[in-house]
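Scroll down for the structure; my scribbles are underneath it.
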Amino acid sequence: MSEVTPELRAQIGETLDTIKSQAEKREGSRFKVVQTGLLEQATALHAVLPVMLDETSLVNRMGQKREVADRTAS
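Encoded structure:
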């Protein structure tokens, strides 16, 4: 897995904003139940995604350091 870049974070945020916006536009329609679920999911992703991306980035960096250490040890 590659490093999480600021550009990737921005792109993911924009995608989630679009989902949220589309869900809000459908308010009052026959898709309200689906819309509510999408809105809740988008809101939850907004809350946890930065933490998940930071953890993924940290794990990737730790893995890279371990690979370098393994190569230098052999």
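If you're matching positions, the sequence shown starts at 1 in the numbering used here and goes up one per residue.
Cβ coordinates follow ideal geometry from the N, Cα and C atoms, glycine included.
Exposed or buried, Ala42, counting other C-beta atoms within 10 Å across all chains shown (16 or more means buried)?
Here residue 42 refers to the residue found at position 42 of the sequence shown. So Ala42 counts as buried.
Exposed unless 16 or more other CB atoms sit within 10 angstroms - verdict on Ala23:
Residue mapping note: residue 23 aligns to position 23 of the sequence shown, counting from 1. Burial call: buried.
Could you tell me how far apart the beta carbons of Ile12 and Leu38 are, in whole angstroms, since I believe they sit closer than 8 Å?
For the purposes of this step, residue 12 is identified with residue 12 of the sequence shown, where counting begins at 1. For the purposes of this step, residue 38 is identified with residue 38 of the sequence shown, where counting begins at 1. No, Ile12 and Leu38 are not in contact; Cβ-Cβ is about 16 Å, not under 8 Å.
Excluding the 5 residues flanking Lys16 on each side, which residues of the same chain have their C-beta closer than 7 Å to its C-beta?
By 1-based counting over the sequence shown, the position of residue 16 is 16. Reading off the sequence, residue 16 comes out as Leu, not Lys. In its chain, beyond the 5 residues on either side, Ala42, Leu45 and His46 have a beta carbon closer than 7 Å to the beta carbon of Leu16.
Between the CA atoms of Lys25 and Arg9 - distance to the nearest angstrom:
Numbered from its first residue, the sequence shown carries residue 9 at position 9. Numbered from its first residue, the sequence shown carries residue 25 at position 25. Cα to Cα, the separation comes out at about 24 Å.
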